[in-house]
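Participant:
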Amino acid sequence: MARIEELANEVRQLSREELAAFRNWFRKYDSDEWDKEIEEDIWAGRLEELANKAITDHEAGRTKEF
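Numbering (the working numbering), first residue to last: 994 to 1059.
1. If you draw a straight line from the alpha carbon of Q1006 to that of M994, how long is it in whole angstroms?
2. I'd like the span of the alpha helix (DSSP H) that includes R996, first residue to last.
3. Please state whether DSSP places S1072 in a helix, a strand or coil.
4. Name the two residues that bound the continuous alpha helix (DSSP H) containing K1046.
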């Protein structure tokens, strides 16, 4: 946790402009990391069961259009 506390202290010292730039960078970074994680889960087959259930529910008429 010490490293997180160090980072938090650094962030607290940023100017508003720097904080806005950091926030934008972190959103993109976090989004990209999430995308990589989902892609890895897909390739590893970890979402297969959920996908099959969704298809089964849809075919059984248990879904609604948005």
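Even for Gly, the Cβ is constructed at its ideal location relative to N, Cα and C.
Facilitator: So, to answer that:
1. 19 Å
2. 995-1005
3. Here the chain comprises residues numbered 994 to 1059, so residue 1072 is not present and cannot be evaluated.
4. 1041-1052
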